[in-house]
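Colleague:
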Amino acid sequence: MTATAQVHSNEVGKARLRKEDAHLITGRSRYTDNMVLPGMLHLAMVRSPYAHAKITGIDVAAAKASPGVMAVLTGADVAAEQGSLPNAWPITPDQKAPAHPSIAVDEVAFAGEVVAVIIARSVAAARDAVELVDVNYEELPVVLDLEEAFTDTVLAHPSLGTNLSANWVFDSGEAGTGAPVEEALANAEVLIERTFYQQRLIPSFMEPRSTVVDPTSEQLTMWTSTQIPHILRLMLALTLGIPESKVRVVAPDVGGGFGGKLQVTPEEIITVLAARRMGKPCKYTETRSESLMAAHHGRAQVQRLKLSATREGIVTGFSVNLLADMGAYLGLVTSGVPILGAFMFNSIYKFPAYRFECNNLFTNKAWTDAYRGAGRPEATFAIERIMDELAVELGMDPLELREKNWIKHEEFPFTTVCGLEYDSGNYEAATAKAVELFDYAGLRAEQLRRRNSNDPVQLGIGISTFTEMCGLAPSRVLGSLAYGAGGWEHAQVRVLPTGNVEVVTGSSAHGQGHETAWSQLVADRLGVPFENVEVLHGDTQVSQRGLDTYGSRSLTVGGMAVLAAADKVIEKAKVVAAHLLEASEDDIEFSAGNFTVKGTDTSTSLGEIALATFAAHNLPDGFEPNLDSDATFDPVNFSFPHGTHLAAMEVDTETGQVRIRKYVCVDDIGVVVNPMIVEGQVHGGLAQGIAQALYEEAVYDDAGTLVTGSFVDYLVPSAPDLPHYITDRTQTPSTTNQLGAKGVGEAGTIASTPAIVNGVLDAIRHLGVRDIKMPCSPSRVWHALEVAKTTGGAQ
Amino acid sequence: MASSKTITVEVDDVSYTDDVEPRLLLVQYLRERLGKTGTLIGCDTTNCGACTVHLDGVSVKSCTMFAVQADGHQVTTIEGMATDGKLAPLQEAFHQCHALQCGFCTPGMIMQSASLLKENPHPSEAEIRDGLEGNLCRCTGYQNIVAAVKSVADGVEYGDSGVSASLEDAQNAGVS
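If you read the protein sequences in the order shown, they are chains A and B.
Mapping the first sequence onto the numbering used here, position 675 (from 1) lands on 675, and the numbers just tick up by one.
Take any residue in the second sequence, note its place counting from 1, add 1000, and you have its number in the numbering used here.
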């Protein structure tokens, strides 16, 4: 036999164009809202206009009589079957959480909570009837501000007796991973105390959430715009008491998630309840206003920080005290988001002492949960902002200060003060490259010129050297943190009789390009053409096992499962190859899709073996005629991407207008499978991090009504609001997975926010401005300048 | 409900005559009556641009028009952009430049870009950014979208290597 398979090697590292694009650029998309099923009914939600109120009565008679309306359901109607929405992360044994019914029964705790659902023959008929539902509310006092919530003066849920859901502490002295921080703070030569505010953000995926449920036949099928079809299926079973095997969840095309679709939502449960009740398929698609109001928000922390250092600029201790806003309810991982940050406040530095304390607090605002970076952007912001504050205090260049404290490249692997083992990294290399691309010295010189000439437009340089833990996650670590599940990922590789390959992955992509990247991985490993690999995902009937997509985990966990499954295919095929080539298995070598008898040119291809295995006419005795293989990969450690981001910020001191003059980032994400996709992830991440620094904030009025309830007011940046990014990479392979990859989905978002804010402050600090709350809008910058002027710089 | 009105609209080169409620939005007519689900709805306030189509060759947000206003007019959606199975230059450029991730803003972004290039065939980067101001993308950070539009304006011809040619930065990324 001779080799017939075309040899395609070195797919990994190629900027392969995406397989996902063809249908998306031609409008042949299959987003959930595009689905239409026979007899399908449409839902519209009646939502509470009050942030906190007792429901004293609901009159649905007029709505029921409205043309096209088939039924109206209230919380009371479904109280016995709706269960309580799940929280999978009880961070302490005594964590407090209110019951969270999908349709409120007797009390609402935030504006936007569902109090009734209209089921009608058309969307228009359903929405018309929303206006006809008469709900009587008895308003209750609201608690909105975190610092107020901490005092328990007004309670978000009076029945809990407190707003405190949980108090969680990590102390390096107690954990034995470092010294006690109190001593370090008490003996500080320099002590910096700051309070920073992480404003509330809204993930703002472009596709509004949509769910279709088909209750016909034996198995209930749900199509939904989710990041987590597998977790959702399990949670639907647990919440509603349906056997898991009777539920199929499909995530078709999903229009972005960013953590915002990492949730089990009331609307999904309600659509199941409605479809079951009516015996007909039901669809719910939210409006953008509903999405902004009721899909979970992110960030929302008060960070009270104390950093101690020597006069030479060596940090000796860092104490973090957080107030973290849960909003009105705990979602799937709401309570764990601050904990994901807890191990990252020390960032790339060799702090000898560290303490983290978090108070998770309820307020009468929309629930919060994961948003791109989840805990790590908050931590990175805090440390990178306060390092700049220390540099100012010491009169030291902020880059020099960082270098004095960071882990040197020869010190890896390095166990941090949090007990994490950073396997690899090279902060010197990334920083050197960024400094060069940025022209750090040139911009510093220009900054000085503008200062000296009192230029109305001042220039500032913002620095962010960051790392993050990603590749969520080693299951044992998650277990030790009381998370309810593991962090493994599953894959299957199937070789079809034609020699084409199907890859089934449990990582369900929604824009990240897994179909392309996984094809590259498998093409290389099995020596088959890229075009001949098909990747299947996002349907629990096709991909039965998986833990889905979040936490920059897909490649470092899901990709490793794919490779492991491919390796098993090769092992199986080798047995057949030895049999067909009449050689010993030990003498068979596999390379570029061909099995060869060592030292000869006798070989057979994987495709030929696949066909022979399918025919099963001539296989070794006892060989199961099947090359398909499954693998489940559980990582042994996180991966730790890092990088250096530099922002040159121009601030117009007369108008407060801020402009990004230049943005340079050098990221080290280890080995790259597809540089084009990586580049796209970095760009998008930067945009969201910059948006936090300059544009976005979920604002509530004093009554707890969301003021930024549409894209008119919630300022997702558009093209002219963002700069051309200059990006580059260094590459220090991760040692914790066989590919050496680290993860890139969140890096840009985590790193960019402090770079921008540090840059804004660096531009106007000499005018007396020490801090500006995000977003640094023109009015906030202008006000800060005015206050500094009238107080002579002392704030 | 309200009385209906008969409209005739040519959509992607096919003429349709339908009775519609006066309050029916053009985007709803396209999606729900004609099955043109390539055109998407991302907001309720004409901010996101996901629903952008062409009306007589000029971009409009189809969530901001009633179907009855399209009576007697010609509408082109993303589904009518490719001709004889060949992608329109902007569709090809979006693919080549990795100008989409989740794809939800893409139909509107391509339709707006086409309109922009018709008005200004050789825009600067700043003019492209300004011209796309009414279309939001949450995935790409816009840089590759701008590059895609620019490449069409510059008449860049793409080969069929299956590898992105527009990513010198990424491909030449130094490895230390």
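Using N, Cα and C, we set each Cβ at its ideal position, and we do this for glycine too.
Among A:Q512, A:V760, A:S734 and A:V522, whose alpha-carbon lies nearest the alpha-carbon of G538 of chain A?
Modeller: Along the first sequence, read from residue 1 onward, the residue named residue 538 of chain A stands at position 538. The residue with the shortest Cα to Cα distance from G538 of chain A is A:Q512.
Colleague: Of the residues that make up the stretch 1128-1140 of chain B, which ones have a beta carbon closer than 9 Å to any beta carbon in chain A?
Modeller: Residues I1128, R1129, D1130, G1131, L1132, E1133, G1134, N1135, L1136, C1137, R1138, C1139 and T1140.
Colleague: Helix, strand or coil for A616 of chain A? Go by DSSP, reduced to three states.
Modeller: On the first sequence, position 616 is the one that residue 616 of chain A refers to. Note: A616 of chain A maps to coil in three-state DSSP.
Colleague: Please say whether V1020 of chain B and A1070 of chain B have beta carbons closer to each other than 7 Å?
Modeller: The residue you call residue 1070 of chain B lines up with position 70 of the second sequence. The residue you call residue 1020 of chain B lines up with position 20 of the second sequence. In this structure, V1020 of chain B does not lie closer than 7 Å to A1070 of chain B by Cβ.
Colleague: Is E244 of chain A helix, strand or coil by DSSP?
Modeller: Numbered from 1 along the first sequence, position 244 holds the residue referred to as residue 244 of chain A. E244 of chain A: helix per DSSP, three-state reduction.
Colleague: Rounded to whole angstroms, what's the CA-CA distance from A1147 of chain B to G684 of chain A? Just pull it up for me.
Modeller: The residue labelled residue 1147 of chain B in the question sits at position 147 within the second sequence. The residue labelled residue 684 of chain A in the question sits at position 684 within the first sequence. Whole-angstrom Cα-Cα distance: 15 Å.
Colleague: Going along chain A, which residues have a C-beta under 7 Å from P1107 of chain B?
Modeller: Here residue 1107 of chain B corresponds to residue number 107 of the second sequence, with the count starting at 1. Residues of chain A passing the Cβ test: G27.
Colleague: Which residues in the same chain have their Cβ closer than 7 Å to the Cβ of T749 of chain A, if we skip the five residues on either side of it in sequence?
Modeller: Here residue 749 of chain A refers to the residue found at position 749 of the first sequence. So the list reads R372, G373, P377, G685, Q688 and G689, once near-sequence residues are dropped.
Colleague: How many angstroms separate the CA atom of G743 of chain A from the CA atom of S639 of chain A?
Modeller: Position 743 of the first sequence, counting from 1, holds the residue named residue 743 of chain A. Position 639 of the first sequence, counting from 1, holds the residue named residue 639 of chain A. Straight-line Cα distance between these residues: approximately 7 Å.
Colleague: Considering only DSSP beta bridges, list what K1061 of chain B is partnered with.
Modeller: As a first step, residue 1061 of chain B is located in the second sequence; it is residue number 61 there, counting from the start. BP columns for K1061 of chain B point to B:T1052.
Colleague: Please report the distance separating the alpha-carbon of T465 of chain A from that of D369 of chain A.
Modeller: Counting from one through the first sequence, the residue named residue 465 of chain A turns up at place 465. Counting from one through the first sequence, the residue named residue 369 of chain A turns up at place 369. Whole-angstrom Cα-Cα distance: 25 Å.
Colleague: If we define contact as Cβ-Cβ less than 7 Å, is M326 of chain A a contact residue for chain B?
Modeller: Taking the first sequence and counting its residues from 1, one reaches residue 326 of chain A at position 326. No, no contact with chain B.
Colleague: What residues from chain B crowd round L17 of chain A, counting only those whose CB sits closer than 9 Å?
Modeller: Start at 1 with the first residue of the first sequence, and residue 17 of chain A comes out as number 17. Near L17 of chain A (Cβ distances below 9 Å), the residues of chain B are H1095, Q1096, H1098, S1161, G1162, V1163 and S1164.
Colleague: Give the straight-line distance between the Cα atoms of F1104 of chain B and T224 of chain A, rounded to the nearest whole angstrom.
Modeller: Indexing the second sequence from 1 puts residue 1104 of chain B at position 104. Indexing the first sequence from 1 puts residue 224 of chain A at position 224. Taking the straight line joining both Cα atoms gives about 15 Å.
Colleague: Under a CB-based cut-off of 7 Å, is L1102 of chain B close to chain A?
Modeller: The residue given as residue 1102 of chain B occupies position 102 in the second sequence. As written in the sequence, residue 1102 of chain B is Cys, which differs from the Leu given in the question. Yes, its Cβ sits closer than 7 Å to a Cβ of chain A.
Colleague: Is any beta-carbon of chain B found at less than 7 Å from that of P281 of chain A?
Modeller: The count along the first sequence starts at 1 and reaches residue 281 of chain A at position 281. P281 of chain A does not count as touching chain B.
Colleague: Quick check: what's the CA-CA separation for D1160 of chain B versus G1085 of chain B?
Modeller: Taking the first residue of the second sequence as 1, we reach residue 1160 of chain B at position 160. Taking the first residue of the second sequence as 1, we reach residue 1085 of chain B at position 85. Answer to the nearest angstrom: the Cα atoms are 16 Å apart.
Colleague: Classify H642 of chain A as helix, strand or coil using the three-state DSSP reduction.
Modeller: Translated into positions along the first sequence, residue 642 of chain A becomes position 642. Strand.
Colleague: Any beta carbon of chain B sitting closer than 7 Å to that of D21 of chain A?
Modeller: Your numbering for residue 21 of chain A matches position 21 in the first sequence. True, the Cβ-Cβ gap to chain B drops below 7 Å.
Colleague: Are the stretch 337-352 of chain A and the stretch 199-208 of chain A in contact at 8 Å, needing three or more beta carbon pairs?
Modeller: Segments in contact, no.
Colleague: Can you say whether H1054 of chain B is buried or exposed, counting buried as having 16 or more other CB atoms within 10 angstroms of its CB?
Modeller: Counting from 1 along the second sequence, the entry for residue 1054 of chain B is found at position 54. Looking at its Cβ environment, which holds 16 or more other Cβ atoms inside 10 Å, H1054 of chain B is buried.
Colleague: Cα-Cα, which of A:H766, A:P723, A:P733 and A:T730 is closest to S752 of chain A?
Modeller: Numbered from 1 along the first sequence, position 752 holds the residue referred to as residue 752 of chain A. Of the listed residues, the one whose Cα sits closest to S752 of chain A is A:P723.
Colleague: Quick check: does the Cβ of D1071 of chain B come within less than 6 Å of any heavy atom belonging to the ligand PLP?
Modeller: The ligand PLP is not part of this structure, which contains no ligands at all.
Colleague: Would you mind telling me which residues of chain A sit closer than 7 Å to Q1143 of chain B, beta carbon to beta carbon, in chain order?
Modeller: The residue given as residue 1143 of chain B occupies position 143 in the second sequence. Simply H683, H724 and Y725.
Colleague: Which word fits H1122 of chain B, buried or exposed, when buried means at least 16 other C-beta atoms lie within 10 angstroms of its C-beta?
Modeller: Numbered from 1 along the second sequence, position 122 holds the residue referred to as residue 1122 of chain B. Counting Cβ neighbours within 10 Å, H1122 of chain B comes out exposed, since fewer than 16 surround it.
Colleague: Compare the C-beta of V712 of chain A against all C-beta atoms of chain B and say whether one is closer than 7 Å.
Modeller: The residue you call residue 712 of chain A lines up with position 712 of the first sequence. V712 of chain A counts as touching chain B.
Colleague: Under the DSSP definition of a beta bridge, which residues are partnered with T596 of chain A?
Modeller: For the purposes of this step, residue 596 of chain A is taken as residue 596 along the first sequence, with counting starting at 1. According to DSSP, which records beta bridges pairwise, T596 of chain A is partnered with A:E589 and A:S603.
Colleague: Return the Cβ separation of K64 of chain A and D106 of chain A in integer angstroms, given the expectation that the two are a contact with Cβ distance under 8 Å.
Modeller: Within the first sequence, numbered from 1, the residue matching residue 64 of chain A stands at position 64. Within the first sequence, numbered from 1, the residue matching residue 106 of chain A stands at position 106. Rounded, the Cβ-Cβ distance is 21 Å, inconsistent with contact.
Colleague: Give the range of the alpha helix (DSSP H) segment to which S1151 of chain B is assigned.
Modeller: Counted from its first residue, the second sequence places residue 1151 of chain B at position 151. Taken as a continuous stretch (DSSP letters only), the alpha helix (DSSP H) holding S1151 of chain B covers Q1143 to A1153.
Colleague: Residues of chain B with a CB under 8 Å from the CB of G740 of chain A: which are they?
Modeller: To locate residue 740 of chain A, count along the first sequence from 1; it is residue 740. What G740 of chain A touches in chain B: nothing, since even the nearest Cβ is about 11 Å away.
Colleague: Would a C-beta distance cut-off of 7 Å place I118 of chain A and V130 of chain A closer than the cut-off?
Modeller: On the first sequence, position 118 is the one that residue 118 of chain A refers to. On the first sequence, position 130 is the one that residue 130 of chain A refers to. Yes, these two residues count as a Cβ contact at 7 Å.
Colleague: If we count the other Cβ atoms within 10 Å of its Cβ and call it buried at 16 or more, is V36 of chain A buried or exposed?
Modeller: Counted from its first residue, the first sequence places residue 36 of chain A at position 36. Exposed: under 16 other Cβ atoms inside 10 Å.
Colleague: Against chain A, does N1047 of chain B count as a neighbour if the rule is that its beta carbon must be under 7 Å from one of theirs?
Modeller: Position 47 of the second sequence, counted from the first residue, corresponds to residue 1047 of chain B. Yes, because at least one Cβ of chain A sits closer than 7 Å to the Cβ of N1047 of chain B.
Colleague: Starting from the C-beta of H878 of chain A, find all residues in its chain whose C-beta is less than 8 Å away, skip the five residues before and the five after it, and write them out in chain order.
Modeller: In the structure displayed, chain A extends from 1 to 795; residue 878 of chain A sits before or after that span and is not available.
Colleague: Distance cutoff 7 Å, beta carbons only. Does T287 of chain A sit that close to anything in chain B?
Modeller: Taking the first residue of the first sequence as 1, we reach residue 287 of chain A at position 287. T287 of chain A counts as touching chain B.
Colleague: Give me the chain B residues within the contact set of A374 of chain A, using Cβ-Cβ distance strictly less than 7 Å, ordered along the chain.
Modeller: Taking the first sequence and counting its residues from 1, the one referred to as residue 374 of chain A is at position 374. Here the premise fails: no neighbours, minimum Cβ distance about 17 Å.
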